[in-house]
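Residue numbers for the sequence shown follow my numbering, beginning at 12 and rising by one. Where is the CB? At the ideal position from N, CA and C, for every residue including glycine. Here the structure comes first, spelled out in structure tokens, and everything after it is commentary.
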Amino acid sequence: MPRALRISLWTLGAVVVLLGGAVLWIDSELKPDPLGRRVAAALADAKIKGGIGKVSAALDGTFEVLGVDLILTDGTKVKLASATGKADIWASAFGTYTIEKVTIRGFDLDLSTRVPATAEPAGTPLVPAPTTTPKLPGFKVGPYSANGRVTLVDGQEVRFSAAGEGIDSAGAVALRAGVVWPGFKIGTTITRPRAEIIFKGQLQRPLGQAGLDIKNLTDDVKSFELNVIAKDDSPLAAGAMGLELRGQHEPQKPLALSGQVLDATRRPALKFTGTADQGTLSLEAILDLDPTRFGILSSSLPDCQVAGLIKAQTAPLAGTWAVQTDVKATWTDLSKFSKTIPRNTTSSWTVKAQARNAAEGLDVEQLDVSGNGISLILAKALHLANGKLPEDAALTLTARDANLVSLTPFLAMAELTATAGRWTGEAELALVKGEPTITTIKTHAIAGLTLERAGKVLLKEVDAQLPLRSEGGAIFIAPFSLSSAAGQIASGDAIVRPGKDGAWSVTANAQVGIAELAEQPGWEDLPKDKLAGIRVFAKTAVSAEAGKAPALNNLEARITRGGENLLSLKLRQPFPFSGEKPAGVLVEASAVKLPLESLAALVPGLKLSGNLDRADLVVGFKSGGLFIRTEGAPVAFVDTSVSWRNKLWVSRCDLTAGLDLSFGDKASVLAFTQAKLANKGRILATGDLSWGMGEAPTTMRLQGNLGAMAEQPFADVLNVITTGSYAAAATMAPSGEIKATLNLKELAFKDREGKVKAATLSGTYTPNAQGLEISGRIRIEGDGVSEGQLLIKQTKHGERTEWKVLAEFPNVAGDDLLAVLSKAEAEPTDKPVKPNTTKDTSPLWHNQFGQAQVRIGKAYAKGIVAQNVSLQVDVVEEQVTLSKIQGKIAEGTLGGGGKLTFQTTTTGGPYALTSKLTLAQFDFGSVAAAFPSLREFVDGKADAWATAEGVSGNLDALVAKMNMYAGLTSKGGRIQAFGGKDSAMSLTAEKAGDVAEVVGGLALLAGVLTKNQQQGEKVAKIGAAILAMGKLQKSLANFQYDNAEFLAQRMPDGTIKITKAQVSNPDLMLSALGEIGARSQLTFSDWPLSLQTDIRGKGDYAQYFALLGFADGIPVPDGSTKGPGVKFSGSLNNLQNDLVERLQSAVDNIRSGASYQDQNTVQPDRTTPPNNNATPKPRNPFDSLFGK
């Protein structure tokens, strides 16, 4: 083999091996892992946060991008679910970047988090502008599709989907897209606007290869067609609006444009034609706009019909524009602005204008606005230079008995409406080389003007004179006046003096009659006698030198009465409206015995009464900023009342205080020094207050009469306090840390028996980067002492917040607190609130977790003593748990627990409550003693329990749906049916029992001694009954029981049902059923109670019941005999029973011969005829005792 051939083969083999290796290396680098690392490095270099889940490519041109989540350097967020496609590598390598197909899904661009670019610091070198025109390389995209959304800066979302056959930069463009954007509410319906966009275009040369400026891009286009259809998919849909735009490029001619805008009825609202040539866009449009024909947009469009011609031309790159109009605007129904205006009142205006921008301002070549008897005509072309008055101009303003209501569409921009008034006048204004000349043909005058704002009348039937004239190079509006039927409201003059090179000056003098102004609507409640004769005088002068900013040179204002100054204000030095502020005092103000009503007249909604007795204030600037402070004596208000929007806030108070208000870049302070607020000689507050803003601290030290303060409307929350004093001190650091103390002494309360001798509260609030901490202490001295401390710590963990709460109270005097909190008479409750039936989608404590502990050393109230009580509540994501409850209450041991869970799968939920409390071996008597009527009736030890369970959709409804059960058992004790042994009822019952036993014994003896056997038996029977009643009454007065059991259930309406109540010993058993009815307007202890009690007995009790006629003769297993049924009524605060009445009734029935069981009178024996003529027998001495 020739040597040359061998070398060639080796060379070819080496090249092949190298190329193969290169291909394999490139293919390996296109795998997800290596390519992903390269992309991540590139993003890091560009300071772009986030990442891409997967990116891969292959040598055949296919590529895939998944899970894009990026944050650009300016804060813009970019997300992408997936992008797949295929590129033509060979075509791209040879000059035309080609993507054969591409599919983009889930594109998300969020501009709402974008941070505006900051200005470059001074001295930063400017980046030189590019010297070459940017160009676009050739490209080609095959079939494509994309969908996603764009979140705009204001948070609005725009969703889109797009598809097309392809884009060829040297051929054709095809696009079809859909766009959806947020709707708005009309009535109760939300609109659903969307648009369809179809674009087709042909290019006559490669797009962008000659340059990306407007001129070149326009020349690239051969033809195009754009169709946009906007519609609403809601039930309100009323047609579709559209835009049609076409362009055609003929050889050697500019791009011709034509199109139209269609309203919802498919009627052309705007037709236009134009051209795009050499970067200049020229359009001519014919308008026929009717806002009522634009479907759902009609309600948001101005109610104005526009018809006519508009011509416009613009060259964006050159920054020039020109416009010419000849249109007519008509408002067809002005009553939409105010109900006072008659329906179908119209206002039509014709506008002919021609203007263009100039190098240093604006050229107005034509202006003619006319309609409704008003015309404004520019008789000579006008050039407006930036910041300067025109040198030459001619303008005519004419009003021929014009109805001012027709100006309402323009006044509405200032939220005003003219509902009546006429305008007459004609004047010509001319400027010749800056020299003004005014010719008044007829003085401008307004008659009967009535103005409204938001439906309320501001000015009513006001007349105005505005005479215009020129003299000595100045324009005079003098003397102007404003008057009504009450007199002259305001008068004065104004002078405008144009100067050279844009210089000018304005001076004005005015006086206002406060009493006449107060006759206008909104100030009818002001006292006319206090305002009579008060007038306001004001003078001002403003000027601007050539090329400089305007400045306030003079300002004087006075409020006078009878020639005496009540308030005066004066400018001490000129004040420029821009640039550096002058240092020192700028304005001085002083007032002496100024009726505050005169100031209230200037602020609608504000009502003041009283006098500003003295005030000397100065306003100015210092190095830190603006300041306002008193100069000399403090500000003094006397007998002052303040109301705002018909609500009284301060009533007849005197205030004196030094004022110092300063504003700075970093700190501002409002300070009141040596302040004193008093009412009828009582000091509400006295001390110093400094309110800091920014980096300045806030401090307060005040003291005063709390009872006097509680009488003021602004302290309505304290109105239960009648007497007492306070001293308060607080500081707030710029960091937000607050320290405060409050001392109260000798507090007494309205309609409450309790009093507080002294109370001290102190605490701190400390915010930090992780959350905050709050700590506080309290001590209250009444008849006893209550004291405790509270610690709250908050820690933020991202979106979740952790809380730790610890409350410790070594001693709680419950009787003192109840006496303060409880009114002597029950307060009526608020009206029932409509129940909330909406289910919660997240728990009330969503994103909150932590622990709360409460510890009480000793607490006592109404004879009940609690010791060493501790509670612990734990909160996690979906559960609140009462994990610990222990201590001693009424000598009993407290225990139990519970939990409230949130589970969306819970039937009837999502909230579910389960809980149980127990109290073992507590002193039954001490608990009963909490209720006055039970205090002397029960005694003993008992075990009690209570459970609460419920399921509901929200916490508001949980209480109503809660099932509550309670029970009590006792293994020995005493019930005193008539109260304690020393009570009036017990003494009466004991005495009555003793008497009954004696009388009963005597009756038995009388029965034995009576000769008449029948009468003797009856007397003996009655005697035995009385004796039995006495023994039973004495026995129930001190009933020793062995077993007692009570069960109760809370019903849905709040009623407490007594389902079981049994008290017994070997000889006597009491059982009861009944309820305690819920009454929302009463406290629980006053709810009506109704119990029916049955008594059964053995042994002596059985004989007593039989002798008294209660026995029913029905045998029962335990051999007991039925006794009297006793009814308990009243309430826990006023418990009553009818036992004595039942016993007495039994004796009365026996005495009268009636049967107690059926309450029927015993029928006489009819077998023996009555003997009306029988001789009367001698009367037994016991007859009168037993009612014979």
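- Assignment of Ser937 by DSSP, reduced to helix, strand and coil, places it in the helix class.
- DSSP places Val547 inside the beta strand (DSSP E), whose first and last residues are 545-555.
- Checking the DSSP bridge columns, you'll see Ile225 has no partner listed.
- Just measuring C-alpha positions, the residue of Phe1095, Phe648, His857 sitting nearest Val887 is His857.
- Nearest in C-alpha terms to Ala514, of all of Ala489, Ala560, Ala759, is Ala560.
- Collapsing the DSSP output to three states places Ile1125 in coil.
- In the three-state reduction of the DSSP assignment, Val50 falls in the helix class, which pools H, G and I.
- Between Leu1084 and Gln1114, the C-beta spacing is not below 9 Å.
- Glu437 places its beta carbon less than 9 Å from that of Arg411.
- Of the candidates Glu527, Lys471, Lys453, Thr451, the residue whose Cα lies closest to the Cα of Gly459 is Lys471.
- With respect to the C-alpha of Asp540, the residue from Gly177, Ser359, Ala526, Ala275 having the closest C-alpha is Ala526.
- In the structure shown, Lys756 falls within a strand segment according to DSSP collapsed to helix, strand and coil.
- The three-state reading of DSSP puts Glu608 in helix, counting H, G and I together.
- Apart from the 5 residues on each side of it in sequence, Asn520 sits with its Cβ closer than 6 Å to the Cβ of Gly503, Asp504, Lys550 in its chain, given in chain order.
- Trp655 carries a strand assignment under DSSP once its states are collapsed to helix, strand and coil.
- Taking all protein chains in view, the Cβ of Phe195 is surrounded by fewer than 16 other Cβ atoms within 10 Å, so the residue is classified as exposed.
- By the Cβ test, the region 575-586 is in contact with the region 601-616, since at least three Cβ pairs between them sit closer than 8 Å.
- Of the residues Asn238, Ser1096, Ile63, Asp85, the one whose Cα lies closest to the Cα of Arg48 is Ile63.
- In the DSSP assignment, Phe105 falls outside any beta strand (DSSP E), carrying neither H nor E.
- Taking the C-beta atoms as reference points, Gly78 is found nearer than 9 Å to Leu91.
- Beta bridge pairing from DSSP links Ser156 with Thr114, Ala174.
- Sequence-distant partners of Glu792 (beyond 5 residues in either direction) whose C-beta falls short of 6 Å from its own C-beta, in its chain, are Lys768, Ala769.
- Sequence-distant partners of Thr114 (beyond 5 residues in either direction) whose C-beta falls short of 6 Å from its own C-beta, in its chain, are Thr95, Ser156.
- By the criterion of a C-beta distance shorter than 7 Å, Phe1116 is surrounded in its chain by Gly1108, Ala1122, Thr1132, Lys1133, Gly1134, once the five residues flanking it on both sides are discounted.
- Closest by C-alpha distance to Val164, out of Leu186, Arg125, Ile197, Phe171, is Arg125.
- Ranking Asp1111, Ala102, Lys677, Pro127 by CA distance to the CA of Thr84 puts Pro127 first.
- In the DSSP assignment, Leu670 is bridged to Phe683.
- Proximity to Gln723 across Val507, Ala275, Ser654 peaks at Ser654, based on C-alpha coordinates.
- Separation of Leu400 and Gln365 (C-alpha to C-alpha, rounded to the nearest whole angstrom) is 20 Å.
- The beta carbon of Gly718 sits closer than 7 Å to the beta carbons of Ile732, Thr733, Thr734, Gly735 from its chain, once the five residues preceding and following it are set aside; these are given in chain order.
- Only residues of its own chain outside the window of five on either side were considered, and among them Arg187, Asn238 have a CB closer than 6 Å to the CB of Ile209, listed in chain order.
- Within the same chain, and ignoring the five residues on either side of Ala721 in sequence, the residues whose Cβ sits closer than 7 Å to its Cβ are Leu729, Asn730, Ile732.
- Non-local C-beta neighbours of Thr849 in its own chain, meaning closer than 8 Å and more than five positions away in sequence, comprise Gly964, Asn965, ordered along the chain.
- Secondary structure remark: continuous beta strand (DSSP E) runs of at least 3 residues inside the region 375-437, in chain order: 385-391, 393-396, 404-414.
- Three or more beta-carbon pairs separated by less than 8 Å are not found between the region 322-329 and the region 258-273, which leaves the two stretches without contact.
- Rounded to the nearest whole angstrom, the CA to CA distance from Ala901 to Asn690 is 49 Å.
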